[in-house]
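Enquirer: Under this note's numbering, the first residue of the sequence shown is numbered 1, with each subsequent residue one higher.
Positions of the beta carbon are idealized from the N, C-alpha and C atoms, including for glycine.
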Amino acid sequence: MSQAATLYQLQTLDSEIDSIRQRLAEIGQLLEQNEAVRAAQTALEQSEEEHRRWQTRLTDLELERAHLKEETAAAEKRLYSGKITNPRELADLQGKVRELNQRYEDLEEPLIEAMLYVEESSQAMAEAEAALERVRAEQASATTALSDEQARLSDRLKELEAQVEQIRAQIEAEHLARYDKLRQRLKGGIAVVAVRNNGCGVCGVQLTSRLVQQIRHGQVLTCPTCGRILYIP
1 MSQAATLYQL QTLDSEIDSI RQRLAEIGQL LEQNEAVRAA QTALEQSEEE
51 HRRWQTRLTD LELERAHLKE ETAAAEKRLY SGKITNPREL ADLQGKVREL
101 NQRYEDLEEP LIEAMLYVEE SSQAMAEAEA ALERVRAEQA SATTALSDEQ
151 ARLSDRLKEL EAQVEQIRAQ IEAEHLARYD KLRQRLKGGI AVVAVRNNGC
201 GVCGVQLTSR LVQQIRHGQV LTCPTCGRIL YIP
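1) Would you call Q3 buried or exposed, if buried means 16 or more other Cβ atoms sit within 10 Å of its Cβ?
2) Please report the distance separating the alpha-carbon of Q94 from that of A66.
3) Which one or two residues does DSSP pair with A194 in a beta bridge?
4) Tell me which residue opens and which closes the alpha helix (DSSP H) that S122 is part of.
5) What are the start and end residues of the alpha helix (DSSP H) that includes K77?
6) Do I229 and A191 have their beta-carbon atoms positioned less than 7 Å apart in this structure?
7) Please report the distance separating the alpha-carbon of L79 from that of E109.
8) Given a cut-off of 7 Å, decide if A128 and S47 are closer than it, judged by their beta-carbon atoms.
9) Which residue comes first and which comes last in the alpha helix (DSSP H) that contains K181?
10) What whole-angstrom Cβ distance do I17 and L157 have, given they're in contact under 8 Å?
11) Just verifying my parser: in three-state terms, what is the DSSP assignment at Q213?
12) Compute the beta-carbon to beta-carbon distance between Q206 and T6, rounded to the nearest angstrom, for a pair I have assumed lies under 8 Å.
13) Bridge partners of C200, per DSSP?
14) Along the chain, where does the alpha helix (DSSP H) that runs through S15 open and close?
15) Where T12 and R136 are concerned, what is the direct C-alpha to C-alpha distance, given to the nearest angstrom?
16) For A234, which residues from the same chain have a beta carbon less than 8 Å from its beta carbon, with the 5 sequence-adjacent residues on both sides left out?
17) What do you reckon, are the CB atoms on A114 and R57 nearer than 7 Å?
18) Below 7 Å between beta carbons: does that hold for L44 and L132?
19) Quick check on this structure: which residue in Q9, M1 and G28 has the alpha carbon closest to the alpha carbon of Q150?
20) With a 10 Å radius around its C-beta and 16 neighbouring C-beta atoms as the bar for buried, classify M1 as buried or exposed.
21) Just to confirm before moving on: does the CB-CB distance between H51 and S141 stay below 7 Å?
22) How many Å lie between E119 and T144 at the Cα?
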């Protein structure tokens with residue numbers, strides 16, 4: 001096998017290695033990320049806070065109404081006890097009873113509103129809990145799939161790296177140094193490219209007949225435009 005062909009084979013292996021390493025990096029990030037779970041957890045916490053707020057509001061209103069009811073009952077008992085004979089004191093007490101009854105009635109609408117919101121927020125909280133469980137299950141399934149893919153790619157990477165080591169041993173030091181330099185400099189790490197229709201397979205520049213013949217005879221030559229090593233399959 002010519003040096004150019006061996007370099008092209010090395011390029012093919014290195015390109016696959018690059019792709020695998022990129023995917024492994026992506027998988028690593030995906031396994032660390034739990035954005036969907038965090039979002040669902042946040043939604044649940046917000047629904048719980050809303051439910052607590054309305055539950056507290058409802059409890060406060062119920063306690064206030066209970067207190068007003070007790071206070072009204074005590075005032076009415078005193079009013080109708082017959083112990084108060086002073087007209088002004090009786091009038092004041094009657095006014096207090098009316099005020100207490102009005103305050104009690106005024107709390108009815110806020111109380112109903114709070115009860116409705118407690119019910120709604122309880123339902124929203126239950127839905128948020130279900131959503132979190134669903135997302136967690138999906139995340140667990142995705143994690144299993146990603147972990148399996150990670151294991152397969154890691155095994156494949158080891159195989160490719162072993163093959164690369166064998167291929168590099170077959171390439172002359174001068175050509176290998178040029179290849180490595182081009183790999184570092186050029187976009188995508190593509191240092192060796194196949195000639196297609198007498199043109200560079202990357203930049204597309206047409207090659208001279210003489211250059212094509214030299215490549216066919218096994219010389220390791222580069223594209224006059226992009227500088228990549230040329231290979232004719």
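Expert: Walking through what the data contain:
1) buried
2) 20 Å
3) BP columns for A194 point to Y231.
4) E108 to R168
5) Under the DSSP assignment, K77 falls in the alpha helix (DSSP H) whose first and last residues are E35 to L79.
6) yes
7) 28 Å
8) Result yes, Cβ atoms of S47 and A128 sit closer than 7 Å.
9) A173 to R185
10) Indeed, because the Cβ distance is near 6 Å, the residues count as touching under 8 Å.
11) helix
12) Not really, about 26 Å apart at Cβ, beyond 8 Å.
13) According to DSSP, which records beta bridges pairwise, C200 is partnered with V195.
14) Q3 to E32
15) 40 Å
16) Beyond the ends of the chain as shown, which are 1 and 233, falls residue 234; an answer cannot be given.
17) yes
18) yes
19) Here the closest residue by C-alpha is G28.
20) With fewer than 16 Cβ atoms within 10 Å of its Cβ, M1 is classed as exposed.
21) no
22) Looking at the backbone, the Cα of E119 and that of T144 are separated by about 38 Å.
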